[in-house]
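There are 6 protein chains.
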Amino acid sequence: MTNVVVRTKKRAEAEAVAALGKHGVSTAHEAMGRTGLMKPYMRPIYPGALIAGCAVTVLTQPGDNWMIHVAIEQIIPGDVLVVACTTDNTDGMFGDLLATSLRARGGVGLVIDAGVRDVRDLTEMGFPVWSRAISAKGTVKATLGSVNVPVVCAGAHVNPGDVIVADDDGVVVVPRLEAAQVAVAAQVREANEADKRRRLASGELGLDMYGMREGLAKAGLMYRDDD
Amino acid sequence: MTNVVVRTKKRAEAEAVAALGKHGVSTAHEAMGRTGLMKPYMRPIYPGALIAGCAVTVLTQPGDNWMIHVAIEQIIPGDVLVVACTTDNTDGMFGDLLATSLRARGGVGLVIDAGVRDVRDLTEMGFPVWSRAISAKGTVKATLGSVNVPVVCAGAHVNPGDVIVADDDGVVVVPRLEAAQVAVAAQVREANEADKRRRLASGELGLDMYGMREGLAKAGLMYRDDD
Amino acid sequence: MTNVVVRTKKRAEAEAVAALGKHGVSTAHEAMGRTGLMKPYMRPIYPGALIAGCAVTVLTQPGDNWMIHVAIEQIIPGDVLVVACTTDNTDGMFGDLLATSLRARGGVGLVIDAGVRDVRDLTEMGFPVWSRAISAKGTVKATLGSVNVPVVCAGAHVNPGDVIVADDDGVVVVPRLEAAQVAVAAQVREANEADKRRRLASGELGLDMYGMREGLAKAGLMYRDDD
Amino acid sequence: MTNVVVRTKKRAEAEAVAALGKHGVSTAHEAMGRTGLMKPYMRPIYPGALIAGCAVTVLTQPGDNWMIHVAIEQIIPGDVLVVACTTDNTDGMFGDLLATSLRARGGVGLVIDAGVRDVRDLTEMGFPVWSRAISAKGTVKATLGSVNVPVVCAGAHVNPGDVIVADDDGVVVVPRLEAAQVAVAAQVREANEADKRRRLASGELGLDMYGMREGLAKAGLMYRDDD
Amino acid sequence: MTNVVVRTKKRAEAEAVAALGKHGVSTAHEAMGRTGLMKPYMRPIYPGALIAGCAVTVLTQPGDNWMIHVAIEQIIPGDVLVVACTTDNTDGMFGDLLATSLRARGGVGLVIDAGVRDVRDLTEMGFPVWSRAISAKGTVKATLGSVNVPVVCAGAHVNPGDVIVADDDGVVVVPRLEAAQVAVAAQVREANEADKRRRLASGELGLDMYGMREGLAKAGLMYRDDD
Amino acid sequence: MTNVVVRTKKRAEAEAVAALGKHGVSTAHEAMGRTGLMKPYMRPIYPGALIAGCAVTVLTQPGDNWMIHVAIEQIIPGDVLVVACTTDNTDGMFGDLLATSLRARGGVGLVIDAGVRDVRDLTEMGFPVWSRAISAKGTVKATLGSVNVPVVCAGAHVNPGDVIVADDDGVVVVPRLEAAQVAVAAQVREANEADKRRRLASGELGLDMYGMREGLAKAGLMYRDDD
């Protein structure tokens, strides 16, 4: 494999990115037919963050963050840095200095299938990170990887320019060319929910609201009173 | 296995439930002879919650939350929904709509050996959940399970109507018919602790307060000074 | 193996301990050549704590906290209690009573490769704990272990009197006799970072600031534009 | 909790046990409506073993095998020893001496939600064990548990006298009073499979043999040719 | 997401597949620049198997093997069935009946990021399987997935028609269009190894054979005698 | 941390090593007071191997096997190579070429807290390996570590020259200077077991043979007949 940095202008449309950022991960995931999620071991370093941005991808070696430095040059405002690793690794590849640099370039957050450190500083900076682990383990700068190639990050396939949405529920990847369509579907889905929420809050049962009783009976569900 | 919903009025006595809710998980667990705990992978979605209530149990299939809708109809005020799954699964079976519905029926919390989503909304609602995972992964409504049958949830056996106590330390199950007795034992235990805490705070050693020195010596513990 | 309590006065110099406490885990770890870290499964029970102190070590049996009571007698002000276990175990070996006692002796925190409970109380007390798990599981007092012997705790070798530094990034062990030297190296490292942070914040790339471009090219990194 | 040894004569009927032993785990599990399985982390120490027998249950403390000695007295010929633990533990609670004793009493195998050791000797003896781990870690004899009480073992609820079936696919628990009925259902199921196997081997598709095409189309499955 | 079955004739060239099958996983992985591996949790159900074939991919839901029946119709002689799942799942989605059917269609093996059962029968059939788990857990046929779409299986991206090589070391995916080139590189690599093996067996050190001493010295490696 | 290779002649006495090799892991572990075990995730690549030898230790970086080449030069006949890693890693750091070289130097086996590959070749060579994982993942030669320094490997502290005993039960470390004494204790322990085995095989209960009944009664164990 040649180690390569791909300079690309491909990004999802800003409008779609912004729209997806209003709905959050669960809605976007449902709106794309329940696909695109990273594994649930990806957790935010502090609660309450919600971001949407376009992916600049990095493929790193375990214990080596050299390519993250390389990737930051490819960031444009609104991007999210997505770091994959060739093997399972929890080393602290990213800390407050890299966050300072990434933010200075316009990066809005980090998604890393490895470890992160300086989490107190990152929290104070309000710099959002979703990671596999928190670890102080330092890394070397010795082996090449690639930037802006397709990667598998935490079980999800990510192409450069795809939309990354991340919040307290996790991280979802929306393919670049589907972003606008997914944003519309997410909007529709969310609009439906307000009315449902009101009805459920008033005590109406989902069984009735969704008309499930017939299907349940047909599937064979029995009711009986306790002895 | 027939898939069944058992309509039951069996609940632990309200007084015992209330008493257990004052003491919390660790005390209740000790008061029942160190039994009844769920595995420690069950974590609250936000810190500080403490609930006690009677279990309505659900047995679900992986990736399928159909039976949770069915179960909510069986909830009466003060109940806790306890969701087990036939296999290890982290999908997001429960979110803010179900929480709205569960709360509207009087449910006081959720204990789920699977995933939960919309955790920011749930946190804002103050709706407490203990789960195996946080995951946006959507679920289907295709396969039956059962409601109010005995289940194994996170390693603990739960019968409908048992008391569930949950706080920052985890989740404990108190069998329905033992609830009153455990509540008394918990009360006794807690009363003893105030005096111990005062003595320890004043610098008295546990070694002396609990009279451990003789037992340790008899077991063969040796002391020596460093070279 | 004889079960023994070693009474020792060996402690790292107070000045070095204090200096390390200012820099935190990641800096100390880097300053010792990227060594000494415990595994990243060791997490604080609440965010924001930062401690440095000298280790009093305990080797326990699974599900048995007898030796923790023994160890507390060996604590002097400024110490950190470090609990290892002969096998992987998550039981709740330590709670608010032990914390009260440990604090009364001058202990500044707990690092335990097992479980902890009463975490709400501990949080309210502001008593910092780094642990493998949170679990209400009660323990017995039946089998001996040792105090102030060398232990492996969460993958790190700890000798009595070594400096333990712990914060949101994890836990690091600085050997007693290297503490002063590591404190100096940490100070140097931190001093360098302020200038780097300023330059990166202004938009300068790490690629340029660290002079990486030549090394990357020599290693064979290729750049190409997207098709 | 009182620590108790229950002397019981309750066992599933021998005929049903023998019948279940002919079919194996997957068939028994299906025949009981897909229930009763222990978690898949329970693995045999050598391939090819298949046992069925009635459970003598033991509840142990982590790192303590005292109650296994107690339990062996309760074994009658044809029994399987089922060891649960109050917390996750991998210590080597059982080795070739206990196997010698268990076999001398007529025990046909061991199912243990903890560790086992002397696996080379056990393999040479042809003594089958399903365990969570293999570990040489020695245990103490210091704390009581119980024998022949209901336990949760590897996620499954086991009552004394239930049938344990174990083979290369894992371990399943058949409730004592359902054993005869499950044995019949297993027999029926297996009889059906021979014909299916023959048809599939001849190239007939499951899609056709099970008549799935209509259901798939109704559910919305689309076919398209590759571009 | 539309659920779709893609009928495709795309397969890597037979000659390249055969060549890759002679070299095995580690060599193929190295020959493609150390890429393409599935996670190491994918293990063969018996030792000694080595296969290479073209992927027919399936995306399933947890606990649901409906789409595997659908996928078998798409198999042509020499293919390997590659089963991905939308979430982590260990259920026994595949057993001896499906293996009989898959083999009847010419399938040479199964790679499944979930569970497999009937492993004794599969072993006797000599039908090779690499899986995440062995589990008797039965599955339903209720929810659609897709066949011959790109999937992420055990951390690796697989396109229909890619070459799957699997042996005792794990599973590697060679992209369809790179197969011939990788086969050549694998051949070159293997040819080099025979001579190296001979030299190392004669006692020559890798340090000398690979000329590493200079690089190590330049990197700063020090030698010292023990005190 | 300076990266260093320590040339040392320190080895445990050959006689003690040979004696320990006759008894195996569980006996040696018991003979040293139940200490010295590596974690049970360390598993042999094939069953039936039993080795004892003196440790040459290596500290590696994740994904980098450079130092293993360096370490092999320090091997003398009868040694066991013990590979630790600065962080959790499963990459295939060692394969048949390194095994050929290690064996040519007189090395009798490998214990590696990382991955191993070419396991079919290693099995055919009869070269025993205990590892954390089997993985084809290739490694680089870019970053220094150290040889013959104290390391923590799979949770155990290992000094150069310590005795490593490994078999189907796992891996134990016997400190160099205690080897002779542990060998004697192991011999005594094993001698006792033959008689015990005979008595247990004849049907005598451990309860009686070990005289446990009084202790159990004193601890409060109750017997009752089933209702």
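Protein chains in written order, with our numbering: chain A, 1 to 227; chain B, 1001 to 1227; chain C, 2001 to 2227; chain D, 3001 to 3227; chain E, 4001 to 4227; chain F, 5001 to 5227.
C-beta atoms are modelled at their ideal positions from N, C-alpha and C, and glycine is treated no differently.
Spatial neighbours of residue i within its chain, please: C-beta separation below 6 Å, excluding the five flanking residues on both sides.
| i | result |
| --- | --- |
| P5150 (chain F) | N5159 |
Who are the neighbours of residue i on chain D, taking C-beta pairs under 7 Å?
| i | result |
| --- | --- |
| G4115 (chain E) | P3040 |
| V5172 (chain F) | A3136 |
For residue i, which residues in chain B fall below 8 Å Cβ to Cβ?
| i | result |
| --- | --- |
| R2007 (chain C) | Y1223, R1224, D1225 and D1226 |
| A2180 (chain C) | Per Cβ cutoff of 8 Å: no residues; A2180 (chain C) is ~20 Å from chain B at best. |
Grab me the residues of residue i's own chain with a C-beta within less than 8 Å of its C-beta, minus the 5 sequence neighbours each way, in chain order.
| i | result |
| --- | --- |
| G4095 (chain E) | V4116, R4117, D4118, D4121 and L4122 |
| Y4041 (chain E) | R4132 and A4154 |
| K2196 (chain C) | M2209 |
Measure the Cβ-Cβ separation of residue i and residue j and say whether it is below 8 Å.
| i | j | result |
| --- | --- | --- |
| H944 (chain B) | A2219 (chain C) | No answer is possible for residue 944 (chain B): the residues shown for chain B start at 1001 and end at 1227. |
| D91 (chain A) | T5143 (chain F) | no |
| W4130 (chain E) | V4165 (chain E) | no |
| L4097 (chain E) | E3193 (chain D) | yes |
| V4080 (chain E) | G4107 (chain E) | yes |
| M3209 (chain D) | T3139 (chain D) | no |
| A3186 (chain D) | T3027 (chain D) | yes |
| G2021 (chain C) | A2052 (chain C) | yes |
| A4016 (chain E) | D4167 (chain E) | no |
| T1058 (chain B) | I1068 (chain B) | Position check: residue 1058 (chain B) holds Val in this sequence, whereas Thr was assumed. Yes. Within cutoff. |
| D226 (chain A) | T1008 (chain B) | yes |
| W5241 (chain F) | K5141 (chain F) | The structure shown does not extend to residue 5241 (chain F), since chain F spans only 5001 to 5227, so no value can be given for it. |
| G2161 (chain C) | A2018 (chain C) | no |
| V1152 (chain B) | V3152 (chain D) | yes |
| V5147 (chain F) | V5005 (chain F) | yes |
| E4190 (chain E) | H4023 (chain E) | yes |
| G109 (chain A) | P128 (chain A) | yes |
| V5231 (chain F) | C5054 (chain F) | Residue coverage of chain F in this structure runs from 5001 to 5227, which leaves residue 5231 (chain F) outside it and unanswerable. |
Note down, in chain order, every chain E residue with its Cβ under 7 Å from the Cβ of residue i.
| i | result |
| --- | --- |
| K3137 (chain D) | Ordered by position in chain E, no residue passes the 7 Å Cβ test against K3137 (chain D), which lies about 24 Å from the chain. |
Under 7 Å from any heavy atom of the ligand ZN, does the C-beta of residue i make it?
| i | result |
| --- | --- |
| V3172 (chain D) | The ligand ZN is absent from the structure shown, which contains no ligands of any kind. |
Report the neighbours of residue i on chain A: residues whose CB is nearer than 8 Å to its CB, in chain order.
| i | result |
| --- | --- |
| M2032 (chain C) | Here the premise fails: no neighbours, minimum Cβ distance about 10 Å. |
| V5140 (chain F) | Q61, A142 and T143 |
Can you list the residues of chain C that residue i reaches, using a CB-CB cut of under 9 Å?
| i | result |
| --- | --- |
| D168 (chain A) | Here the premise fails: no neighbours, minimum Cβ distance about 15 Å. |
| R120 (chain A) | G2024, P2047, G2048, L2050, D2167, D2168 and D2169 |
Might you give, ordered along the chain, the residues of its own chain that have their beta carbon closer than 7 Å to the beta carbon of residue i, omitting 5 neighbours on each side?
| i | result |
| --- | --- |
| R5213 (chain F) | L5207 |
| V3070 (chain D) | V3005 and V3147 |
What in chain B is Cβ-close to residue i, meaning under 7 Å?
| i | result |
| --- | --- |
| L200 (chain A) | L1097, T1100, S1101 and A1104 |
Starting from residue i, find everything on chain D with Cβ-Cβ shorter than 9 Å and list it in chain order.
| i | result |
| --- | --- |
| A5219 (chain F) | N3003, W3066, A3142, T3143 and L3144 |
Verify the CB distance criterion: does residue i have a CB-CB separation below 8 Å to chain I?
| i | result |
| --- | --- |
| V1174 (chain B) | The structure shown contains no chain I; its protein chains are A, B, C, D, E and F. |
Closer than 7 Å by beta-carbon distance: list the chain A residues that pair up with residue i, in chain order.
| i | result |
| --- | --- |
| K2196 (chain C) | L97 |
| E2214 (chain C) | None at all; the shortest Cβ gap to chain A is about 13 Å. |
Would you call the segment 4201 to 4213 of chain E in contact with the segment 5114 to 5122 of chain F, where contact means no fewer than 3 C-beta pairs closer than 8 Å? no
Of all the residues that make up the segment 3072 to 3106 of chain D, which are near chain C by a beta-carbon distance shorter than 7 Å? T3087, D3088, N3089, T3090 and D3091
What residues in the segment 5142 to 5158 of chain F have a beta carbon less than 8 Å from any beta carbon of chain C? P5150, V5152, G5155, A5156 and H5157
Chain E contacts made by the segment 5046 to 5072 of chain F, where a contact means CB separation under 7 Å: H5069, V5070 and I5072
Mind checking the segment 2016 to 2029 of chain C against chain A and listing, in chain order, the residues whose C-beta falls within less than 7 Å of any C-beta there? V2025, S2026 and H2029
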